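Residue numbers (the working numbering): 6 to 239.
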Ligand code: SF4
């Protein structure tokens with residue numbers, strides 16, 4: 006694994022700050038289950054960006070342990086996710102599940118979400134206005150869950166979370182200090198989380214040779230969290 010580079014502080018965009026600042030209904034709620042419920046209610050039957058009228062079947066909010074130490078963030082729902090209302094349930098989801106299992110934990114132990122909560126048509130990447138409109142809700146989810154580590158799956162997710170425009174080769178292999186906008190208001194004791202970047206499972210399905218590199222990223226996360234992989238079974 007390459008030497009870890011120095012961490013940088015990710016700054017939320019001005020647009021995100023404007024949209025995430027109080028009043029948020031969950032702002033003074035400590036229980037992450039209740040906070041996530043309030044965020045979901047606030048999202049409602051969302052029509053805030055044009056993705057609401059481009060064929061989505063349902064909003065894909067997020068799934069998993071509201072008290073997770075580890076959170077995975079992809080770019081947006083695909084066809085299977087749109088159908089089932091849950092992130093990462095198709096072939097990419099199966100691979101993500103295997104990656105999580107290789108870390109010695111279960112899918113139910115982590116929290117999984119996306120930058121945008123509605124399926125972009127044709128599985129295209131979310132456009133800037135869509136990401137900027139939807140990502141404040143993701144930021145609020147992260148602030149409610151307060152994971153120790155967020156893993157951005159793919160460059161689209163990384164660029165949205167970090168507001169950095171850089172190739173994967175530069176984004177991977179380091180931790181970033183990350184605090185979602187508005188989080189310090191809800192819990193001044195929380196010093197934020199670490200963010201790491203790895204390949205999106207859909208990319209790994211297209212280029213399985215990169216799985217070893219993704220495993221290096223996950224091992225970096227495991228080391229930080231004090232996790233050990235399960236013993237190999239024959
Ligand atoms: S992608 Fe997000 S902001 Fe856009 S309509 Fe769906 S939930 Fe609302």
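Glycine included, each C-beta is placed from N, C-alpha and C at the ideal position. None of these values were measured; they are calculated from a predicted model.
Should residue i be counted as a contact of the ligand SF4 given a C-beta to heavy atom distance under 7 angstroms?
| i | result |
| --- | --- |
| residue 53 | yes |
| residue 117 | no |
| residue 113 | no |
| residue 218 | no |
| residue 62 | no |
| residue 56 | yes |
| residue 88 | no |
| residue 121 | yes |
Could you spell out where the beta strand (DSSP E) holding residue i opens and where it closes?
| i | result |
| --- | --- |
| residue 157 | 154-158 |
| residue 75 | 75-79 |
| residue 117 | 116-119 |
| residue 200 | 198-203 |
In angstroms with no decimal places, state the Cα-to-Cα distance between residue i and residue j.
| i | j | result |
| --- | --- | --- |
| residue 90 | residue 164 | 24 angstroms |
| residue 33 | residue 146 | 14 angstroms |
| residue 209 | residue 184 | 28 angstroms |
| residue 232 | residue 55 | 41 angstroms |
| residue 188 | residue 213 | 37 angstroms |
| residue 226 | residue 197 | 16 angstroms |
| residue 51 | residue 57 | 7 angstroms |
| residue 228 | residue 72 | 20 angstroms |
| residue 218 | residue 63 | 34 angstroms |
| residue 53 | residue 143 | 14 angstroms |
| residue 193 | residue 108 | 31 angstroms |
| residue 48 | residue 88 | 19 angstroms |
| residue 46 | residue 95 | 26 angstroms |
| residue 151 | residue 195 | 8 angstroms |
| residue 99 | residue 35 | 32 angstroms |
Return yes when the Cβ of residue j is within less than 8 angstroms of the Cβ of residue i, no when it is not.
| i | j | result |
| --- | --- | --- |
| residue 81 | residue 120 | yes |
| residue 79 | residue 66 | no |
| residue 161 | residue 201 | no |
| residue 203 | residue 222 | yes |
| residue 43 | residue 30 | yes |
| residue 154 | residue 216 | no |
| residue 124 | residue 86 | yes |
| residue 206 | residue 97 | yes |
| residue 40 | residue 171 | no |
| residue 128 | residue 159 | no |
| residue 77 | residue 117 | yes |
| residue 176 | residue 75 | no |
| residue 126 | residue 59 | yes |
Which first and last residues belong to the alpha helix (DSSP H) in which residue i is found?
| i | result |
| --- | --- |
| residue 93 | Element bounds for residue 93: n/a, residue is neither H nor E. |
| residue 178 | Residue 178 -> no alpha helix (DSSP H), and no H or E assigned at all. |
| residue 147 | 133-150 |
| residue 42 | 37-48 |
| residue 210 | 206-211 |
Bridge partners of residue i, per DSSP?
| i | result |
| --- | --- |
| residue 29 | Paired residue(s): none; residue 29 is not in a bridge. |
| residue 229 | DSSP output for residue 229 lists no bridge partner at all. |
| residue 69 | 116 |
| residue 183 | 198 |
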